[in-house]
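Shown next, in structure tokens, is the structure this report addresses.
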């Protein structure tokens, strides 16, 4: 983050607080993005706010209302570029200008090409100093809205391919129902609860007839939509929605229906089909400390290698979670 009237590390700290506030609206703002704002005067927080629900006040307006007259000459930290359009609420850029703030630190520009830069330009034209976060603070802000950004810019859901494998990369263990341990399986249910939709392919439907619901975890957003990609009749008793068209077409249709995040739990054939078409954004690979031997791998044959970025790992019970991006947010 570039230097300003506050040290970059201080800016990063207040922006991190704004990101924390934004998360409070995660279950209630859809299809709007989560946004948080913090008003700082004399090094002290004098106002905070977050977008609580679709149609409700925006984060900046709430934070400015809390700050009152203390907002004049203050610095405002907001996770997403302030809006300039008139919708269900007045433009936030105008509210910041009227409040007399001196400086605004923006976590990320609005990714919508019809909007991006408009808020920053309007604020600067009014004499407000504006900085857009770069480096890790900017990445953290984009990461928070990775699904919404993909939905807005590409017209499809953000796709995460989740798979559980043995140490030799196999998706099954002979004689065992599960590949990974209990804590890793609980994580999968939390991932489902945080997703708009969960999907498998017809091969998985025929072999496993999966439920794909979130169990024994909080579901403040309700259960995700449960999908099957492919053609042919569903297995008897299955409650999955069949999506028989092309992957590109079905993802575009799902986006039009409001699906911003898709958790892909299909087998190696479906995973390869998504990867080959560059439709996977992130990989989550749960690795168990076991060897399987003769079982399918996590991805069927690909026509070319795929480079991954932002590799991270952490322990999940007795297993290890590997996270990597195909397309960074």
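Numbering (my numbering), first residue to last: 10 to 338. For every residue, glycine included, the Cβ atom is placed at its ideal position computed from N, Cα and C.
Counting only runs of at least 4 residues, the segment 182-229 fully encloses the following alpha helix (DSSP H) elements, listed from N- to C-terminal order: 191-202 and 211-217.
Spatial neighbours of residue 222 in its own chain (CB-CB distance under 6 Å, excluding positions within 5 residues in sequence) are listed in chain order as 232. A direct Cα-Cα distance of roughly 31 Å separates residue 43 from residue 296.
In the DSSP assignment, residue 145 falls within the unbroken alpha helix (DSSP H) covering 144-153.
Counted as a single uninterrupted DSSP element, the beta strand (DSSP E) harbouring residue 251 occupies residues 250-252. Each residue's CA atom was taken as its position, placing residue 334 and residue 73 some 36 Å apart.
Apart from sequence neighbours up to five positions away, the residues of its chain that approach residue 332 with a beta-carbon distance below 6 Å are 293 and 321, ordered along the chain. In the same chain as residue 124, and ignoring 5 residues on each side of it, the C-beta atoms closer than 8 Å to its own belong to 90, 92, 93 and 94, in chain order.
Nearest neighbour of residue 310 by Cα position, chosen from 319, 280, 97 and 160, turns out to be 280. In the displayed model, residue 286 falls within coil according to three-state DSSP, outside both helix and strand.
In the DSSP assignment, residue 141 falls within the unbroken beta strand (DSSP E) covering 138-141.
In the structure shown, residue 22 adopts helical secondary structure according to DSSP, grouped into three states. Setting aside the 5 residues that flank it on each side, residue 198 is surrounded in the same chain by 223, 224, 225 and 226, each with a C-beta closer than 7 Å to its C-beta; the list follows chain order. Inter-residue distance for residue 104 and residue 240 is about 52 Å (C-alpha atoms, whole angstroms). Taking residue 79 as reference, the option from 181, 186, 107 and 171 with the minimal CA-CA separation is 107.
Around the C-beta of residue 173, 16 or more other C-beta atoms lie within 10 Å, and the residue is accordingly described as buried. In the structure shown, residue 69 falls within a helical segment according to DSSP collapsed to helix, strand and coil.
By the neighbour-count definition (other C-beta atoms within 10 Å, threshold 16), residue 260 is a buried residue. Selection 258, 238 and 257 evaluated against residue 250 yields 238 as nearest (Cα-Cα).
When DSSP reads this structure, residue 179 sits in a beta bridge with 306. The C-beta separation of residue 87 from residue 66 comes to about 13 Å, leaving the pair out of contact by the 8 Å criterion.
Per DSSP, the unbroken beta strand (DSSP E) holding residue 56 starts and ends at 53-59. Judged by their CB atoms, residue 115 and residue 76 are not nearer to each other than the 8 Å cut-off. For the pair residue 149 and residue 284, the CB atoms are not nearer than the 8 Å cut-off. If one requires a minimum length of 3 residues, the beta strand (DSSP E) runs lying completely within the segment 90-141 are 112-115 and 138-141, in chain order. The three-state secondary structure of residue 77, taken from DSSP, is helix. Here residue 328 is bridged, per DSSP, to 325.
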